[in-house]
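Numbering (this note's numbering), first residue to last: 579 to 872. Backbone N, C-alpha and C define an ideal beta-carbon position, used for all residues, glycine too. Below: the structure, in structure tokens.
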């Protein structure tokens, strides 16, 4: 093995061996494909800007993090290509090229049998945002109704609101959706429910993605599809209604792309790439305006 290359991998492992640097890296991985502003990182992890700067500098030198400047802001993202190389090193070097020895630790624990096989498979999908009052509720309703029986949709919040936002309900009803069963729920309900295994988990707001939640049973495939919060839009009633409809449309477009994927034929790595691409493509379309004219 190339000694210098091996040294690079060892340096990356050492960098991740520090709790603070690991927390930065984990947050950036959760936010892929986003580029996260330094200020948001520092706030989410309760770090001083100077401390964050040291952490990301070390992670960047190891090839685990990339940075770019936009105006006066510095943005960061995890370099998943190099992360994949690091995992390959662990298998080839530490496990002597025998990935099968990892099978016992990679098998999901406490996971019930999955329903159906092949084209008969029903996938459980969880959408997470902070309040679980609008965006994740939209996604749950859309996938449950338009998933053609191939999906069971759920939603939850890291800090769930007391009720579904009234404008979210108005938006769904105007689009022909039944809202009678929709209510905010806590993410902890799904973390502790070993009888319900999720196949996919999507965070649909940045704040929820920044929260380091305990893992869900079954090692679900995850992706971040951040959508601007329509609840935060100020203005006239028409402007607020427009924001909710636009958030609804963004999620419907993403879910349409998701439902068209050949889920039973894609391997996990390919599937992850396709899900990240859906989030990346949608993010490039821009954020919610503050008014219909903006």
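A distance below 8 Å separates the beta carbons of residue 645 and residue 638. Residue range 658 to 667 is occupied by the alpha helix (DSSP H) that includes residue 660. Three or more beta-carbon pairs drawn from the stretch 698 to 712 and the stretch 774 to 786 are found closer than 8 Å, and the two stretches are therefore classed as touching. Put simply, the backbone Cα of residue 799 is about 19 Å away from that of residue 859. Where residue 817 is concerned, the enclosing alpha helix (DSSP H) starts and stops at 815 to 837.
Contact between residue 854 and residue 610 holds, with the beta-carbon distance rounding to 6 Å and staying under 8 Å. Going by beta carbons, residue 769 and residue 791 fall inside the 8 Å limit. Restricting attention to beta strand (DSSP E) runs no shorter than 3 residues, the stretch 686 to 759 encloses them at 701 to 707, 729 to 735, ordered along the chain. Listed as beta-bridge partners of residue 654 by DSSP are 614, 645.
Beta-bridge annotation (DSSP): residue 802 is paired with 781. Rounded to whole angstroms, residue 843 and residue 850 show a C-alpha spacing of 13 Å. The shortest CA-to-CA distance from residue 598 to any of 848, 652, 626 is the one to 626.
Taking the C-beta atoms as reference points, residue 620 is found no nearer than 8 Å to residue 652. For residue 637, the enclosing alpha helix (DSSP H) begins and ends at 627 to 639. By DSSP's assignment, residue 593 forms no beta bridge with any residue.
Looking at the DSSP output, residue 764 sits in a beta bridge with 735. The Cβ neighbour count for residue 758, taken over all protein chains shown within 10 Å, is under 16; the residue is labelled exposed.
Counting of Cβ neighbours within 10 angstroms places residue 751 among the exposed residues, the total staying below 16.
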